Structure formats: C-alpha cells, structure tokens
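Visitor:
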Amino acid sequence: MSLLLVVVLLFFSSSCSASSGQYYVSDDCSSVTQSPCNPLSVYAADMSRSNNTIFYFIGTTTINDDVIMTAVTNVTLLGLDQFPSVYCNKSSNSISVHKSTHVTISNLSFSYCAMRIGSSNNITITNSTLDLDLDISEHLNIYNAFDVKVSSSIFTNAYVVITYSDFEVCTNELHNYSLTMTDVTLKDSRLDLYVKQHTSYNVSVIFDHVEYSFGNSFNYARGNILTLFFEGLFHFFITNSSFCGIHGHSFNIQFAETGLSSTHHGTPNSTIVIEDSQFYNMEQGLKINGNRHIHLSETVKYHVIIKSCLIYDNIKEGLFIDGEFLRSTQIDIIDTKLIGNGGNKIIRVANCILDSISLSDVTVANSTSTGLTLLNSFVRVMNNLIFKNNTGIVGGGLAINDSSRLIVSSSANLEFIDNHASYKGGGIYAKAYYSIILNAPNIPLTLINSSAGLVGGDLYGYYRSNVHYYKFNLTKPHISSTSDAENICFCDPHTNKCLANYGYRPIIYPGQALKFNVVLLGFNYSKSQTPTDGTVKILNNTSSLLYQTYIPNTCSLIQYTPKLNQTGYESYLKLAYSTSLSMTTSINFNFAVNECPIGFRIDKSQGFCTCSQSVSRENVTCDITSLNIAHNGLLWIGTYHTSTPFNANATNPNACIINEDCLLYCSPNPVTFKLNDTDTQCVDNRGHRMCGSCTEGYSLLMGSNKCGHCHDNYTMIAWIALFAVMGVLLVVLLIALNLTVSVGTLNGLLFYANIIKLYEPVFSRKGALPVLSQVISWINLDFGFEICFYNGMDSYAKQWLQFAFPLYLWIIIIIIIQLSKRYGKISRLMGSHAVPVLSTLFLLSYTKLVRTIVIVLHKREVTVHCTNESVRSVSLWYEDPNIEYTKGKHAGLFGFALLVSVVFVIPYTLFLLLNHFYERYYSNFKVFRKFYSRFKPIIDAYSGPMKDEYRFWPGLLLVARIPVLLSVTLVDSFIQSKHFLLFILLTVLVIVLSLSHCFGGVYKKRMNNVLEAWFLFMLCTMVGLSVALNEDGELPHMKCCDASIKKLFKKQDKEDDCPLLETTESHLTVDQQIREIVPSSTDVRLSKPRESVVDLF
C-alpha cells in the first residue's frame, strides 16, 4: 500500500512539472549552468499550461514560431544578466497573451517581434525594449487588457495600439480598470489609444514621464504621433511628458461615437488632464476634435484640462481645437504657454454652454500667423491672457472671426504687447463690435506697441456701443483703433474730410468713366468716426449690383464706366457698403449723359462712343475716356474751321471734319491728339489746318519753308535795305563783267544751275560745299540763307515777295535803260550792255517766276464730312490749306499769278521759241513788224550767239525746264518719288542732248557748244550717280572706307561705322530730307526745320 502511494506521488510530481516552477531559456544551454535549460521552442508548445512559472532568459533567444500563452496565471518572462535578447526570425512571429492574468515581462530586449495581449488582466511590462520592424502592421497590440502597467521601457520603430471596447455580456455593475505608462520612451513610434467601451466600465489611463521623439527615419511620415479616440467613460492623465515630432505629425485627441452604450445610472463624467507636458516640433502640436460623421452623445460629459504645459515651435498650430462635433465638452487651459508656433486656433466651439472653453494664465508669444484665432467659437477668459510679439495678416495677437465671442470674466486681465498685423488689427481684430463681452466693468486691457499695415494698429472692429454695459480699463488711454465701415460719404481728396453738401453733377459721354471720391468710416473704441477700408458697391436704381471695388482707409477715387446706349438724360447710382450688422448704407450719385462729342458716335451694341464715320479709317482709334484720337502718322484729322476754338468735349452738330493723308508737315510717327489740339499731328512747329502754317509765335522764313522765331520786329527795314542794295549790285555786276546771255556761255550754266537747285533734295551730296550752294542759290535769285523777314510772315506773304524781287530787278535795269536814253554819260557808261542785262535778268527770273506761279495755282481737293449735310469737297491752296483756293486773299494772289503768266511767262516762252518763225512769216505785216521791233533787241540778245537756223534754241531750253519744274513742284515726297523724278530729268536731258547732237552744234562758237554739252553731261552723270548712291549720298563700296577714315580722324561718332550699312529706310519729312542733304547757316539755331516740298528757295 505504501509503495503504491509513492508511485502515485511520483506520477503527480512528473505531471505537474510543466505547469509550475522555474525554467531557463537560451539558444546556447551549454554555457548555462542552471537547469533545466532549453531553447524557447521546447517550452513554446506547452506554454498555455505554464501557470505559476518563471522563465529565465539567458543570452540570445531565437523564436522561429509563434509563442502563445492562453489562460495562464502568474507567468513571468524574466531576463537574467544584462538585457538578454529575444529575436524573431520571421516578421510574422509574435508573442501572444490571451485570457490570462498576472503576466509579467521584465528585463528583456525584443527584436522584430510583435506582441499581442488581449482579454487579460494585470499585465506588466517593465524594464524592456522593443525594437521592431517597420513593415509589421501592429507591433504591440493590447486589446481589452485591464490593469496594464508599462514602465521603464523603450519602444523603437513601434506601432502601439491599445483598445478598450464593450464587454460581450452587459453588466449593471461599473468596474474600474487602469492603464499606466511610466518612464516610457517611444522613439520613431506611433501610439493609438481607442477608448470605446462607452459606459460599460471606467478606464483610468496614466501617462507619466512618457517621452515621444521622432527622427527622419520614422516610417509614418505623416499623421498623428499619438491618437486618442474617446467614446466612453474614462479618466486620462498625462503628466511630465514630452512629445516631439516632425513635419506632418500631431498629438491628436479625438472624441467619437460608433456604437450604443450600456445601461448606466446618471450622467458620468470623463476627464482628460494634461499637466506639465511639452508639445513641440510638429505640424500641429496638440489637436482636439470630434468625429466628423457622428456627434457625441450627451450621456457622457467630457472635461479636458491642459495645465502648466508648454506648446512651442510647431509648424502650423500649436493648439488646435475643432469643436464642430463636440457636445457636453469643457476644455480648460490653465497656466500654459503657446510659444513660437505658426498660430493657435479654436474653431466651431459655439454650443449652448458659452464657457465651454476657458483660458486662464495663458501666454501666446512669437506666433507667425496670428497668436490666437477664434472661428465661430465662444471662449471665456478667466484670468491673465497675454499676447506678445505675434504677427499675422488680419489680427496680430488675437483674431475673433465670424460669430465668435470672447467672454471676459471679472478676474481677467488682457495684455497685448508688440504685436503686428500686416493688414489690420495689430493687437486685436474683432469681426464685429459685439465680439467681446465684458462680465464686469473696468477690466484691465493693455495695448502697447502693437501696429498694423493699414488700420487698427491696436484694435480693430470693437468699439463701445449701447449694448455694452461695461467698458475696459485702458492702461494706455490713446490707442489706434477703428472698425468695419459703418458709414460712407463723398470726400475732399486734399483734406480727407467728408463733404456736407456734395453738389457736383458730372456730365459724361457713353463710355466715359464716372469719377467720385469717397471714404468709408468706421468707429474707434470711443465710437468716433475714423477712416477705414472696405469694398464699395455700385448699384443701379433697382439696387442691382453693377460694380464693386476695394478702397483703402483714405479718400479714394472710384471710377465706373456705365454701359449706355441712350443719351440726353439724367440718372443716378447708389454707392453702398454692407456694415458689420449686415445692413446696407448708401449714398446717391447723380450724373447726366450727353451726346457723343465731335468726332465720335455712339455704338449701341457696346454702349459707348467710338470713332465717327468721318474719323474712322484703318489704324485710327478713338478713346472716349480721354477724348483722344490716335493714328500711325502721315495723316491729318481735324475740324474744317480750325480757327474757331472749342473744347474737346463739345457736341456741335454742325462740325465738319477733314480726314486726309498728309505727307508734308505731318508727323510720320504714331500720334495721339484731341480734335481741339490738332497741332500735335504736325512737326517742325507747324500747325492749323493740315499743318499748313506756322504755330503761334513762329514765322515762315525766307530762303526756306521752315518756321522759326523772329526776335526783332524792326529787322524788316534792314532786310529791305539790304535786298535793295543787293539788287543794284547784281545789275552792276552783270553790266561790269558782261555776264549776259548775248555772250552765249550762260545758257548751259543757267540751265545747269536751275536743275541743280530744283533737284537738290534728290541727288545733292550730304555736306555739299556752302560756297557752291550759295552761288547756285544766287543764280536762281534765291538768298541762299534763311532769314526772318518779319514776325508773323506766312506762305501768302512769301509768295508776293517771290514775285517782288525779280520785278524789282527788272525795274532797276529798265530805269537804267531809260536813263541811258536821256543822259549821254550813262549811255556811254552802259554801252550796249543794258538790253542784254535785261534779257539776262528775264532768263534768271523765268524759273523762279514759273515755279512761284505753279505754287500759287496748285490746288488740293479735300473731302469734308459734316454732321448736318452730306459729304462735300472743298478746294484749298496746296501750299497753305488754311487758305481756300481762289477765295479771300488767295483770289488776289491767284489773279496776279495769272497776270504774270499771261503778260510775261507765256509771251516770253513763245517769243524765244518761235522768234525765227515770226521773223520769217510775219515780218511783212506792218502791225506785227512795229510791235516786234520793240522786242527784237531782247530776242537778238538770246539768239545772237546761235546759228541762224537754231535761233529757237534758248526757247527750247525754256520749254525743257517746264516738265522738270512741274514734276519737282507737284510731288509730295522726294524719297517716294525719287526714281520718277530722275526718270523725267533723264528723259529731258536725253532729248536735249540728242537734238544738240543731231543739229551738229547750235552755237556759232564751238566752245559754247562744248560748254553746254559739258553741263548737260554733268547732269546726266549726277542722275546716274543718284541711282547708284545710297541715302547718305555715298557709293556703297566707299561707305566702310569713309567711315574708317572719319573714325581715324575722330570726326564722326561710332554710329558712322560699317554696320550702319544695314540701316532701314524710313519716311522723312521734306525738311529732314533737305537737312540731310543741304546744310544751312541756321542749322545751329533751329531744331530740325524742314524745306517745303513746293518751294526750295
């Protein structure tokens, strides 16, 4: 019997050895002196029966399969020596504890092992480390494990998920459980805590000395570093902890509800206390929000206390509270500092409890995007609230936006120091004057050194009103403050003050802008009106919005262009502004609409004035806003009656407009002008109708068609005396030197000089010798230099003077001839030279007189567009379009030109050309013989050097001048007509040379034939050179050489170098053409004067 008992005891001893005792675990048991010692795989198969067991880990232990402990009690995994390590071969290997109690893990270092603890009690992890693989979805998963303690442990690259949920079986008894983490460090890790057991039981969570830190190696690059989901009954305490992250991280406390709660009695409270902790270097430091899908149930009241914390250096918000889905939640922030964050925001906390968020002894400093922003939130200030050195756009320190309220308790103290807003509200920005509610009188408010870029340096939006029973006690009486606009008025831009009686009623044209100066007025803290900024709306008489614009806090100009297709009526607009009370304040603005001004017509499709039909043409634009008309040049647009002054905004229905090409004195460049100032289209001090005369203060010069200043009105007497003496000297010179046509040498010379003078703009070289130019001018009876004859001289007077000087010379020689007949001494002194001299003067005068006659008779037909009649054509004098053709004073000049033509030019030409025919066929007629005998001495003077059969040659040379003279006189542009003019001249020269060659010489003396042929050949040579020469009068292959020589001797600027060969040809005015070719003695005094196209003398 005793033997049987011993056997039974041995059996029970062997059977219980696996469920209790001490075991040693190591991969290398040969080095372990204790026993029993086995690898963990030996024990793993029967771990679920290891109650009351201690496993001692020595050295390194490798786990090749999962270790599962189910329904065990009093099991301890303890590392001996210095941190024995447990290494999992596969990332899927894990250590699981399920439905167990009193399980302890101590002094172990786990690598790449996941741990799962579920439905267990009294779980302790102490003095251990977890260094895990980032690829595992959950590294440490604690599910409904109660009374869990984690202490003195380090988690690296870990994802910790702790979840509390409802029991499977409901109970009426409220149990209390705990989760404690003390001296825990999480490196590059993440922790999610889900408390969603509703009211099944109470969970007390304590984080004491928990430290979170993150580096760039953290796999969870963005998201919440620690997320707390609360849906039930709990008490959560965080103390003496720190949380640090990188970009994209935040510490998130989220309240949510996804299921039904268990039966409970009363309304329990849940509390979160965060004390003596730090949140820094994250995207959002501390974030509190509700579930975005389901509102919180009111079965549990939540209370969050943030006390003695430091939240600093977070990228966006340091503190972010979103209360949109929070109900029955109280948040108290006490003795907390918000330093150096991007900003801090409390949004959508506007429930029935006005003080659901309270601030006490809170300091907000060094924020870069407004210290604290309230959006649709109610916040109570219980004690000190200090803002220092914050910056923002709207609101530097505090911004109270939308329907937010800042409720200030009697014990509160507000300080705003050194805050700045780039726009408005440096210290405080309040959306409305009722955004701040005072619960007691004389609450201290300190506003020092705050500023704003535009308005409200200290305070914006808040002011005292009748709804405020109390006021602040300002420590600084004078503050910079204003509010949103409460009033609008017309103002004086110089004084920035409102105008009491604004009687200005503008008159506009369709398309012109209405202009008015207005200022918006808000209230400062004392409710005095001060300028502010805002948006002004323009409404029509039906209050429909037409236009809106922003204006700053000054008297600002507003411009609005109404679209109108009717004229001749009055209307008004409303200038309105929506106040902070959503009311509209407006003032009326009356204006009148007139018909479009001269040169414009209304475009009904667009509702504004455009170019009228008389002005409209290609490249012409009209701007009704400025009343300007613009075109590309070489065009003249203006009224027919330019002498009648009028305003550019005149609406004279009888106005007539000229719209013609203008190649003479009109600018070749784009011009912009008004119809009452058409002189802008002209150049070289020209103006009036089609730039035909000099502008005010300028006079037409003798010797050219340039306009210049006359400095002395008495110089005319000196010039008359000089010209009188010069006339006498010329006659005396001709007599003394026998320089007459009777010699036969002057015919070719005079023909050459006449052609050269006429064609100077076409083929004369730049820089021609002044002496040669003067001699040619004198041969053509021109002065050769520019003078101002008298102040106010115009083209009309000049043409009379052109007639006067040749006639004066004739009178001198006629007087001499008559004196010779009467006085013998004079007759002996003159000899036989008197009549040849007269003949010579006739020939010298011929070209000048013919050209003057052509100028006088030259007519231009201009189309005139009048508004009250059909289009008509008028005749104007080409030389000066300000003078009507054959009307007024031009009629006398016209008649005199015809008289000179009939009396002198035509007979003179016919006599010289047909004298041989007259003598042969009409000499037998007594009447003709008596008449012809009077002129025969003059005819003989011309034909004497000729052979008898060629006595018509002087007359032929006269006729040859006529086509050349007409072509040069009547062209509009020498540059555009250059080849045509050269062709005409070359044709004439070829004909004359051919005839001279066919006749075998027309002069008796061979020398005269040679001399004349030489002059004609020189003209042909110049025609050929003009075709080959470039615009500067130089042969192309000589330009580089010439430029190099000039540069060598420093006579030209760098612009004369060879690359200038590529200069493009542009249109030049006549005077510019002359100036480039023929230098003038007055060049240094006049600014770019021009020679007339019809008078080069």
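Read left to right, the sequence shown gives residues -18 to -1, 1 to 1079 (mature numbering (1 follows the signal peptide of the UniProt record, and there is no 0)). Here a beta-carbon is modelled for each residue, glycine too, at the ideal position from N, C-alpha and C. Only a predicted model underlies this, so the values are computations on that prediction, with no experimental measurement involved.
#1: Closest to GLN56 by C-alpha separation, out of VAL85, TYR985 and ASP48, would be which residue?
#2: CA-CA distance, ILE639 and LYS869?
#3: Which residues in the same chain have their Cβ closer than 6 angstroms to the Cβ of THR514, if we skip the five residues on either side of it in sequence?
#4: Please go through the same chain and pick out, in chain order, the residues whose beta-carbon is closer than 7 angstroms to the beta-carbon of ASN762, but skip the five residues on each side of it.
#5: Name the two residues that bound the continuous alpha helix (DSSP H) containing MET1004.
#6: Check the C-beta distance from THR822 over to VAL723 and give it rounded, since I have them as a contact under 8 angstroms.
#7: Using DSSP bridges, identify the partner residues of ARG668.
#8: Just the Cα atoms here: how many angstroms apart are SER32 and ILE188?
#9: Classify SER2 as buried or exposed, calling it buried when 16 or more other Cβ atoms lie within 10 Å of its own Cβ.
#10: Is residue 1165 helix, strand or coil by DSSP?
#11: Can you tell which of TYR176, ARG172 and SER182 has its C-alpha closest to the C-alpha of PHE196?
#12: Report the option in HIS476, GLY379 and ILE235 whose CA atom is closest to the CA atom of ILE430.
#13: Please classify LEU(-16) as buried or exposed, where buried requires at least 16 other C-beta atoms within 10 Å of its C-beta.
#14: Count the other C-beta atoms from every protein chain shown that fall within 10 angstroms of the C-beta of ARG854, then say buried if there are 16 or more, exposed otherwise.
#15: Count the other CB atoms within 10 Å of the CB of TRP782; is the residue buried (16 or more) or exposed (fewer)?
#16: With DSSP as the reference, label PRO426 as helix, strand or coil.
#17: Do ILE316 and LYS289 count as a contact pair if the criterion is CB distance below 8 angstroms?
#18: To which residues of the same chain is SER340 closer than 6 angstroms at the C-beta, ignoring the five residues directly before and after it?
#19: If distances are taken between C-alpha atoms only, which option among SER76, LEU308 and TYR507 comes closest to THR95?
#20: Contact defined as beta carbons within less than 8 angstroms: I believe PRO788 pairs with SER827. What is the distance between those atoms, to the nearest angstrom?
#21: Please classify VAL192: does DSSP put it in a helix, a strand, or coil?
#22: Can you tell which of GLY690, VAL836, LEU820 and ALA703 has its C-alpha closest to the C-alpha of GLY774?
#23: Mark SER525 as exposed unless 16 or more other C-beta atoms lie within 10 angstroms of its C-beta, in which case mark it buried.
#24: Please work out which residues of its chain come closer than 6 angstroms, Cβ to Cβ, to TYR125, disregarding the five sequence neighbours upstream and downstream, and give them in chain order.
#25: Judging by CA-CA distance, which residue of CYS473, THR477, PRO492 and TYR491 is the nearest neighbour of ASN483?
#26: Could you give the DSSP three-state label for SER855: helix, strand or coil?
#27: Got a sec? Which residues, its chain only, sit under 6 angstroms from ILE865 by beta carbon, not counting five neighbours each side?
#28: Give me the Cα-Cα distance between LYS72 and ASP343, rounded to the nearest whole angstrom.
#29: Tell whether a beta-carbon distance below 8 angstroms holds between GLY709 and TYR790.
#30: Kindly give me the distance between the Cβ atoms of LEU259 and LYS283, rounded to whole angstroms, as I take these residues to be in contact under 8 angstroms.
#31: Please check the pair SER596 and HIS898, which I expect to be a contact at CB under 8 angstroms, by giving their CB distance rounded to whole angstroms.
#32: DSSP on VAL653, reduced to helix/strand/coil?
#33: Assuming VAL185 and GLU213 make a contact with CB atoms under 8 angstroms, what is their CB distance in whole Å?
#34: Taking only the alpha-carbon atoms, compute the straight-line gap between LEU268 and ALA27 and give it to the nearest angstrom.
#35: Around the Cβ of GLU678, are there at least 16 other Cβ atoms within 10 angstroms (buried) or fewer (exposed)?
#36: For TYR411 and LYS327, I'd like the C-alpha separation in whole angstroms.
Guide: This is what the structure holds:
#1: Position 74 of the sequence shown, counted from the start, is the residue given in the question as residue 56. Per the sequence shown, residue 56 should be read as Asn rather than Gln. Checked all of VAL85, TYR985 and ASP48; the closest Cα to ASN56 is VAL85.
#2: Translated into positions along the sequence shown, residue 639 becomes position 657. Translated into positions along the sequence shown, residue 869 becomes position 887. Roughly 20 angstroms between the two C-alpha positions.
#3: Counted from its first residue, the sequence shown places residue 514 at position 532. Excluding positions up to five away in sequence, the list reads VAL437, THR464, ALA467, LEU502, GLY504 and ASN535.
#4: Residue numbering aside, residue 762 sits at position 780 when the sequence shown is read from its first letter. The answer, listed in chain order, is ALA735, ASN736, LYS739, THR829, LYS830 and PHE1079.
#5: In the sequence shown, residue 1004 corresponds to position 1022, counting from 1. MET1004 -> alpha helix (DSSP H) spans 988 to 1010.
#6: As a first step, residue 822 must be located in the sequence shown, where it is residue number 840. As a first step, residue 723 must be located in the sequence shown, where it is residue number 741. Approximately 5 angstroms separates the beta-carbon atoms of THR822 and VAL723; this is inside 8 angstroms, confirming the contact.
#7: Walking along the sequence shown from the start, residue 668 turns up at place 686. Partner(s): CYS676.
#8: As a working note, residue 32 is residue 50 in the sequence shown. As a working note, residue 188 is residue 206 in the sequence shown. SER32 and ILE188: Cα-Cα distance of roughly 31 angstroms.
#9: Numbered from 1 along the sequence shown, position 20 holds the residue referred to as residue 2. Its Cβ having fewer than 16 others within 10 Å, SER2 is exposed.
#10: Nothing can be reported for residue 1165: it is not among the residues displayed for the chain, which extend from -18 to 1079.
#11: By 1-based counting over the sequence shown, the position of residue 196 is 214. Checked all of TYR176, ARG172 and SER182; the closest Cα to PHE196 is ARG172.
#12: Locating residue 430 in the sequence shown gives position 448, counting from the first residue. Among HIS476, GLY379 and ILE235, the Cα nearest to that of ILE430 is on GLY379.
#13: Here residue -16 refers to the residue found at position 3 of the sequence shown. Reliability fails at LEU(-16), whose pLDDT of 38 lies under 50, so the model's placement of it is uncertain and no value is given.
#14: By 1-based counting over the sequence shown, the position of residue 854 is 872. With fewer than 16 Cβ atoms within 10 Å of its Cβ, ARG854 is classed as exposed.
#15: Position 800 of the sequence shown, counting from 1, holds the residue named residue 782. Label assigned to TRP782: exposed.
#16: Position 444 of the sequence shown, counted from the first residue, corresponds to residue 426. It is a strand residue.
#17: For the purposes of this step, residue 289 is taken as the residue at position 307 of the sequence shown. For the purposes of this step, residue 316 is taken as the residue at position 334 of the sequence shown. It is a contact, given that the beta carbons lie within the stated cut-off.
#18: Against the sequence shown, residue 340 aligns to sequence position 358. Here SER340 has ASP314, ARG362 and MET364 as same chain residues with Cβ atoms under 6 angstroms from its own Cβ, once five neighbours each way along the sequence are excluded.
#19: Here the question's residue 95 lines up with position 113 in the sequence shown. Checking the sequence, you will find Cys at residue 95 rather than Thr. The shortest C-alpha separation from CYS95 is found at SER76.
#20: Taking the first residue of the sequence shown as 1, we reach residue 788 at position 806. Taking the first residue of the sequence shown as 1, we reach residue 827 at position 845. Yes, PRO788 and SER827 are in contact; Cβ-Cβ is about 4 angstroms, under 8 angstroms.
#21: Counting from 1 along the sequence shown, the entry for residue 192 is found at position 210. In this structure, VAL192 counts as strand in the three-state DSSP scheme.
#22: Working through the sequence shown from its first residue, we reach residue 774 at position 792. Taking only the C-alpha atoms, the option nearest GLY774 is GLY690.
#23: Translated into the one-based positions of the sequence shown, residue 525 becomes position 543. Of the residues assessed, SER525 falls on the exposed side of the cut-off, its CB having fewer than 16 other CB atoms within 10 angstroms.
#24: Here the question's residue 125 lines up with position 143 in the sequence shown. Here the set comprises GLY100 and THR145.
#25: Mapped onto the sequence shown, residue 483 falls at position 501. Nearest of CYS473, THR477, PRO492 and TYR491 to ASN483, Cα basis: CYS473.
#26: Here residue 855 refers to the residue found at position 873 when the sequence shown is read from its first residue. Shown here, SER855 sits in a strand according to DSSP, grouped into three states.
#27: Taking the first residue of the sequence shown as 1, we reach residue 865 at position 883. Excluding sequence neighbours, ILE865 sits near TRP859 and HIS872.
#28: Numbered from 1 along the sequence shown, position 90 holds the residue referred to as residue 72. Numbered from 1 along the sequence shown, position 361 holds the residue referred to as residue 343. Their backbone Cα atoms lie some 53 angstroms apart in a straight line.
#29: Translated into positions along the sequence shown, residue 709 becomes position 727. Translated into positions along the sequence shown, residue 790 becomes position 808. Contact flag set, yes.
#30: Here the question's residue 259 lines up with position 277 in the sequence shown. Here the question's residue 283 lines up with position 301 in the sequence shown. Residue identity check: residue 259 is Ser in the sequence provided, not Leu. So it is not a contact: roughly 23 angstroms between Cβ atoms.
#31: The residue labelled residue 596 in the question sits at position 614 within the sequence shown. The residue labelled residue 898 in the question sits at position 916 within the sequence shown. Wrong, their Cβ atoms sit about 58 angstroms apart, outside the cutoff.
#32: Taking the first residue of the sequence shown as position 1, residue 653 is located at position 671. It is a strand residue.
#33: Here residue 185 refers to the residue found at position 203 of the sequence shown. Here residue 213 refers to the residue found at position 231 of the sequence shown. Not a contact, Cβ separation roughly 11 angstroms.
#34: Position 286 of the sequence shown, counting from 1, holds the residue named residue 268. Position 45 of the sequence shown, counting from 1, holds the residue named residue 27. Computed Cα separation, rounded: 46 angstroms.
#35: What you label residue 678 is simply residue 696 of the sequence shown in a count that begins at 1. By the neighbour-count rule (16 or more Cβ atoms within 10 Å), GLU678 is not buried but exposed.
#36: Stepping through the sequence shown from its first residue, residue 411 is reached at position 429. Stepping through the sequence shown from its first residue, residue 327 is reached at position 345. Computed Cα separation, rounded: 14 angstroms.
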